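S.K.: Numbering (the numbering used here), first residue to last: -11 to 645.
Beta carbons: idealized from backbone N, C-alpha and C, even for Gly.
This structure is a prediction, so every number in the text was calculated from the model and none was measured.
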């Protein structure tokens, strides 16, 4: 009876979670009544699998750990492999990847030793997911296609559909849709509703990217309906995240932000770390473009903290993954060597027996053949030993390279921590000033005259502007380094961009009585990203006005250096920069903090953004300055192609020919 209930429960998994859970719980109660629970770990495995698919971390983990403990004690290798594989899936789904690869490789090793093809295919899929989450796309693609080939060899339709579903994620365009539609067709045929919802969710993102919004919305609605019916909490969150993306793409940003906020609360309550990180990134970007800068800064900070936590987990995880991969390869090589030795022993026994049987017939010929075959085997073994030695050396080189990469990542994280610490320190002063002056006004306003109150308010206003500028720079820097800003290099009209930027700066320059002069060569086109180039010019012009005393002058020039490059120069008659500080400006890990003509202290973050954005536009940023006489910042970019320049090239060509 217990076996029948378990079989019914397994048959309903991915079709009806509630019905599957009902049969599994009935089997558990019956086994408990007959004191057979410890002898039926399959019940725990079934319950753990169901709770994992429903997104219940605590319950799933408890049941799977019980299965692993019992299977280890009783040497139930096949059951142990299934439990380890399900445990690996659970940790992947919730972003807990510290020991995931160990579970997956353990399951894969047992599956290969026992020649369980379906389990091998599933283990390769989960191994591919680990590589995908760690951005090792090439390794992920190899694992997914390997799983597909294994499933095809056994004609396992669900295994084929699972592999197609993951290949659809790693591939793009028409190829991605072909694999996903193949998976959808198979899942529909066999009524695997849970996996069908995942495939619907995956293909909807392809249509969102190609702006085919009605089709994307239709697939999302189907996925959400199935997830709600099955009670698949984690997958429902991901499908609703796709719906939030749809709202944002179709112009309903407020609804998109509201849904994303609800989802991030659910993700935090249920412990979905990876989903919380993705949602924080979504909200940071969407609130920024909705001009809700305060919320955007808050979510950018949360995204940075979560991303930093995940990166810190990913570094040891990458090392652990490589170690597990090396151990797995070494064990396979050792097993291969052992099999080769057994084969050699059997062959040798066969040769000896043949020699004895044929001794009376053709003694000399048998001896010749035996010696010849022995030489062949020695040569084969020597070649295999050379191959194994080469592979071990390659693995060792890969481990060494990974250690170097780990040091680089640690240095990057250290630089980030230092920069955030400095920015946090620099934010304290303006806020202390704002709080201090506001407290004075609140407590003693009756004792001040109108001019004194106006003076304090002006001080609060100036300090607030500086804090706002610092927060905007921090947000821009954070989004650029978290890849939320996409750089698209196109033919950009530099003169038009400069005129627009100068118009934004002129009010500040007029108040400070600083003259801005433009000297623009006609038809200057650069191959650059418009938004990031505008950020560079705006920051440099703002700094030039800020560090130029009243009555001074700021000049901006554009010129073609040759047919391949253009130059933008911003020159001021300000306080100038010392030689040491000029060197620091061009160093990525240096921190430069200076005072402008009104003795307001800056963090140097704006210059870091300019330097970073210039590099991302395949350009350079240089500075020449003399203390007390002013500074010149020069941007060199690749020249684009305008209609005027194209006409000149054509006329030159025909005149010369």
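Using C-beta distances below 6 Å, list every residue in its chain close to residue 448, excluding the 5 sequence neighbours before and after it, in chain order.
M.R.: Counted from its first residue, the chain shown places residue 448 at position 460. Counting only Cβ-Cβ distances below 6 Å, and skipping sequence neighbours, we find 422 and 425.
S.K.: If we call anything under 8 Å between Cβ atoms a contact, is residue 502 one with residue 540?
M.R.: Within the chain shown, numbered from 1, the residue matching residue 502 stands at position 514. Within the chain shown, numbered from 1, the residue matching residue 540 stands at position 552. Their beta carbons are under 8 Å apart, which means residue 502 touches residue 540 by this criterion.
S.K.: Let me check understanding here. Comparing Cα to Cα, which of 349, 207 and 135 lies closest to residue 184?
M.R.: Working through the chain shown from its first residue, we reach residue 184 at position 196. The candidate whose alpha carbon is nearest that of residue 184 is 207.
S.K.: With DSSP as the reference, label residue 172 as helix, strand or coil.
M.R.: In the chain shown, counting from the first residue as 1, residue 172 sits at position 184. Residue 172 falls in the helix class under three-state DSSP.
S.K.: If you reduce the DSSP assignment to three classes, tell me which class residue 187 lands in.
M.R.: Within the chain shown, residue 187 is the residue found at index 199, counting from 1. Residue 187 falls in the helix class under three-state DSSP.
S.K.: Using CA coordinates, which residue listed in 555, 535 and 57 is at the minimum distance from residue 510?
M.R.: Stepping through the chain shown from its first residue, residue 510 is reached at position 522. Comparing Cα positions, the closest option is 555.
S.K.: Go through its chain and collect everything with a Cβ distance to residue 235's Cβ below 6 Å, but skip five positions before and after it.
M.R.: By 1-based counting over the chain shown, the position of residue 235 is 247. For residue 235, where only same-chain residues beyond five positions count, the Cβ hits under 6 Å are 243 and 244.
S.K.: Report the rounded CA-to-CA distance for residue 158 versus residue 127, giving the unit in angstroms.
M.R.: The sequence position of residue 158 within the chain shown is 170, counting from 1. The sequence position of residue 127 within the chain shown is 139, counting from 1. Looking at the two C-alpha atoms, the distance is approximately 11 Å.
S.K.: Could you give the DSSP three-state label for residue 614: helix, strand or coil?
M.R.: For the purposes of this step, residue 614 is identified with residue 626 of the chain shown, where counting begins at 1. Note: residue 614 maps to strand in three-state DSSP.
S.K.: Along the chain, where does the beta strand (DSSP E) that runs through residue 350 open and close?
M.R.: The count along the chain shown starts at 1 and reaches residue 350 at position 362. Premise fails: residue 350 is in no beta strand (DSSP E) and is neither H nor E.
S.K.: Who are residue 609's beta bridge partners in DSSP?
M.R.: For the purposes of this step, residue 609 is taken as the residue at position 621 of the chain shown. DSSP lists 623 as partners of residue 609.
S.K.: Look at the alpha carbon of residue 133 and the alpha carbon of residue 114, and state the distance between them as a whole number of angstroms.
M.R.: Taking the chain shown and counting its residues from 1, one reaches residue 133 at position 145. Taking the chain shown and counting its residues from 1, one reaches residue 114 at position 126. When rounded, the distance between both Cα atoms is 12 Å.
S.K.: For residue 678, which residues of its own chain have a beta-carbon under 7 Å away from its beta-carbon, when the five flanking residues on both sides are left out?
M.R.: The displayed coordinates of the chain run from -11 to 645. Any statement about residue 678 would go beyond what the structure contains.
S.K.: Need the endpoints of the beta strand (DSSP E) that residue 545 sits in, please.
M.R.: One-based indexing of the chain shown puts residue 545 at position 557. Segment 541 to 548, the beta strand (DSSP E) holding residue 545.
S.K.: Quick check: what's the CA-CA separation for residue 477 versus residue 602?
M.R.: For this step, residue 477 is matched to residue 489 along the chain shown. For this step, residue 602 is matched to residue 614 along the chain shown. Between residue 477 and residue 602, the C-alpha separation is close to 12 Å.
S.K.: Going by other Cβ atoms of all chains shown within 10 Å of its Cβ, with 16 needed for buried, is residue 297 buried or exposed?
M.R.: As a first step, residue 297 must be located in the chain shown, where it is residue number 309. Interpretation of residue 297 is limited by its pLDDT of 49, a score under 50 that renders its predicted location unreliable; no figure is taken from the coordinates.
S.K.: Looking only at its chain, what residues have a beta carbon closer than 7 Å to the beta carbon of residue 88, apart from the 5 residues adjacent to it on each side?
M.R.: Along the chain shown, read from residue 1 onward, the residue named residue 88 stands at position 100. Here the set comprises 76, 79, 80 and 118.
S.K.: Nearest to residue 508 by alpha carbon, out of 527, 627 and 557?
M.R.: As a working note, residue 508 is residue 520 in the chain shown. Cα-wise, what sits closest to residue 508 is 557.
S.K.: Given that a residue counts as buried once 16 or more other Cβ atoms are within 10 Å of its Cβ, and exposed if not, what is residue 29?
M.R.: The residue you call residue 29 lines up with position 41 of the chain shown. Label assigned to residue 29: buried.
S.K.: For residue 33 and residue 74, what's the separation of their Cα atoms in angstroms?
M.R.: In the chain shown, residue 33 corresponds to position 45, counting from 1. In the chain shown, residue 74 corresponds to position 86, counting from 1. In a straight line, the C-alpha of residue 33 is about 8 Å away from that of residue 74.
S.K.: Are residue 606 and residue 629 closer than 8 Å when you measure CB to CB?
M.R.: Residue mapping note: residue 606 aligns to position 618 of the chain shown, counting from 1. Residue mapping note: residue 629 aligns to position 641 of the chain shown, counting from 1. No, Cβ-Cβ distance for residue 606 and residue 629 is not below 8 Å.
S.K.: Could you tell me whether the Cβ atoms of residue 3 and residue 277 are closer together than 8 Å?
M.R.: Residue numbering aside, residue 3 sits at position 15 when the chain shown is read from its first letter. Residue numbering aside, residue 277 sits at position 289 when the chain shown is read from its first letter. No.
S.K.: Classify residue 383 as helix, strand or coil using the three-state DSSP reduction.
M.R.: Stepping through the chain shown from its first residue, residue 383 is reached at position 395. Residue 383: helix per DSSP, three-state reduction.
S.K.: Is residue 480 helix, strand or coil when you go by DSSP?
M.R.: Counting from 1 along the chain shown, the entry for residue 480 is found at position 492. Three-state result, residue 480: strand.
S.K.: For residue 96, does the count of other Cβ atoms within 10 angstroms reach 16, so buried, or fall short, so exposed?
M.R.: Your numbering for residue 96 matches position 108 in the chain shown. By the 10 Å Cβ count, residue 96 comes out buried.
S.K.: Can you find the residues in the same chain that come closer than 6 Å, C-beta to C-beta, to residue 109, ignoring five residues on each side of it along the sequence?
M.R.: Counting from one through the chain shown, the residue named residue 109 turns up at place 121. 135, 138, 139 and 147, listed in sequence order.
S.K.: Indicate the three-state DSSP secondary structure (helix, strand or coil) for residue 246 in the structure shown.
M.R.: Residue numbering aside, residue 246 sits at position 258 when the chain shown is read from its first letter. Correct three-state label for residue 246: helix.
S.K.: Using only CA atoms, which one of 225, 275 and 283 lies nearest to residue 256?
M.R.: Residue 256 sits at position 268 when you count from the first residue of the chain shown. Of the candidates 225, 275 and 283, the one whose C-alpha sits nearest the C-alpha of residue 256 is 225.
S.K.: Inspect the beta-carbon positions of residue 59 and residue 99 and report whether they are closer than 8 Å.
M.R.: The residue you call residue 59 lines up with position 71 of the chain shown. The residue you call residue 99 lines up with position 111 of the chain shown. Cβ distance not < 8 Å, so residue 59 and residue 99 don't count as in contact.
S.K.: Cβ of residue 555 within 7 Å of any heavy atom in the ligand ZN?
M.R.: The ligand ZN is not part of this structure, which contains no ligands at all.
S.K.: Measuring CB to CB, does residue 566 end up less than 8 Å from residue 615?
M.R.: Residue mapping note: residue 566 aligns to position 578 of the chain shown, counting from 1. Residue mapping note: residue 615 aligns to position 627 of the chain shown, counting from 1. Yes, the pair counts as a contact, with Cβ atoms nearer than the cut-off.
S.K.: Which residue or residues does DSSP assign as beta-bridge partners of residue 559?
M.R.: Start at 1 with the first residue of the chain shown, and residue 559 comes out as number 571. Answer is 543 and 620, bridged to residue 559.
S.K.: Just mark residue 306 as buried or exposed, buried being the case when its beta carbon has 16 or more other beta carbons within 10 Å.
M.R.: Within the chain shown, residue 306 is the residue found at index 318, counting from 1. Residue confidence for residue 306 is low, a pLDDT of 47 falling below 50, so the modelled location carries little weight; the figure read from the coordinates is stated next. Result: buried.
S.K.: Give the secondary structure of residue 272 by DSSP, where H, G and I count as helix, E and B as strand, and everything else as coil.
M.R.: For the purposes of this step, residue 272 is identified with residue 284 of the chain shown, where counting begins at 1. Three-state DSSP puts residue 272 in a helix.
S.K.: Among 351, 111, 105 and 505, which one has its Cα closest to the Cα of residue 91?
M.R.: Looking up residue 91 in the chain shown gives position 103. Taking only the C-alpha atoms, the option nearest residue 91 is 111.
S.K.: Among 513, 526, 419 and 82, whose alpha-carbon lies nearest the alpha-carbon of residue 261?
M.R.: Locating residue 261 in the chain shown gives position 273, where the first residue counts as 1. Of the listed residues, the one whose Cα sits closest to residue 261 is 82.
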